[in-house]
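Engineer: Numbering (full-length UniProt numbering), first residue to last: 1 to 235.
Encoded as structure tokens, here's the structure I'll be asking about.
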Amino acid sequence: MKLLYEGKAKKIYEADNPNEVICEFKDSLTAFNGEKAASESGKGELNCAITTLIFKALEKEGIPTHLIKQIDSTKLLVKKVDIIPIEVVVRNIAAGSLSKRLGLKEGEKLPFTIVEFYYKNDDLNDPLINDDHAMILNLVNDRKELDILREYGRKINEFLTKFFDKIGLTLVDFKVEFGKDKDGHIILADEITPDSCRLWDKKTGKKMDKDLFRFDLGDIKEAYTEILKRLKEVK
Ligand code: C5P
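As structure tokens, this is what we get:
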């Protein structure tokens with residue numbers, strides 16, 4: 001298979017159909033823009049299965065995604081898209097960079113859900129941007145596309161909040177990425193996994209996401225395995 005691109009957590013290979021690519025989930029773990037790095041054997045497999053489950057559920061809710069099918073334990077066949085270089089972050093509860101930037105206590109419920117845009121650029125450390133910044137950087141064609149990103153972010157949040165609630169998890173915040181398919185339609189791409197979400201156990205309050213790795217709080221494999229197990233039980 002011809003490797004087209006290698007990122008921090010995924011490899012993208014050419015597929016037989018020019019409108020499709022193969023996305024492989026790696027075992028590598030990175031945080032703080034690659035400053036902290038490690039590898040956890042089996043993590044790629046867990047995240048591949050978790051993304052597949054979540055993307056299939058979102059498709060049923062009318063949210064278009066790049067997923068075509070799972071090929072093997074770590075690989076997905078996906079629609080080829082031009083990734084929009086904006087990380088869309090949706091937050092329900094204060095944590096992470098929001099707490100740090102605005103001095104909000106971790107765990108504080110926000111009065112309403114907020115959506116933020118970050119410019120996907122490692123050299124600049126993925127800075128927080130507003131709509132004007134996105135426009136002057138030509139990250140999208142027009143402001144309507146930014147509204148579409150926000151709307152999808154909120155719709156995904158509404159669905160996932162309930163979805164995770166059913167399995168005893170609080171969805172604190174998450175990041176999603178979108179791309180444009182061959183017809184120019186905006187669809188959900190990349191992944192939704194405990195690497196890209198904050199998920200807290202409702203009973204114990206324990207963190208079950210990448211913060212375990214970021215702050216050396218515990219075993220991510222155990223947590224991700226538990227999340228996959230619970231997701232498989234969602235009715
Ligand atoms: O670090 P911060 O609080 O801004 O992260 C918000 C959410 O977005 C978290 O769930 C985090 O895991 C996710 N995120 C991500 N990739 C990034 C930045 C944040 O998945 N590059």
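Quick reminder that beta carbons are idealized off the backbone N, C-alpha and C, glycines included.
Measure the Cβ-Cβ separation of Lys202 and Thr161 and say whether it is below 8 Å.
Structural biologist: no
Engineer: Looking at the structure shown, is residue 236 part of a helix, part of a strand, or coil, going by DSSP?
Structural biologist: The requested residue 236 is not part of the displayed model; the chain covers only 1 to 235.
Engineer: Excluding the 5 residues flanking residue 239 on each side, which residues of the same chain have their C-beta closer than 7 Å to its C-beta?
Structural biologist: Coverage of the chain is limited to positions 1 through 235, which leaves residue 239 absent and any answer about it impossible.
Engineer: Look up Asp72 in the DSSP assignment and say whether it is helix, strand or coil.
Structural biologist: Asp72 falls in the strand class under three-state DSSP.
Engineer: Once DSSP output is grouped into helix, strand and coil, what is the label at Leu98?
Structural biologist: In the three-state DSSP reduction, Leu98 falls in the helix class (H, G or I).
Engineer: Between Asp122 and the rest of its own chain, which residues show a CB-CB distance below 8 Å, the 5 nearest in sequence each way excluded?
Structural biologist: Close CB contacts of Asp122 within its chain, under the 8 Å cut and outside five residues either way in sequence, are with Asn33, Gly34 (chain order).
Engineer: Assuming Asp211 is part of the alpha helix (DSSP H), what are its boundary residues?
Structural biologist: 211-214
Engineer: For Thr193, which three-state DSSP category applies?
Structural biologist: coil
Engineer: May I have the straight-line CA-CA distance separating Lys8 from Cys48, to the nearest angstrom?
Structural biologist: 15 Å
Engineer: Give, in chain order, every unbroken run of the alpha helix (DSSP H) that is at least 4 residues long and sits entirely within the stretch 131-190.
Structural biologist: 131-136, 143-166
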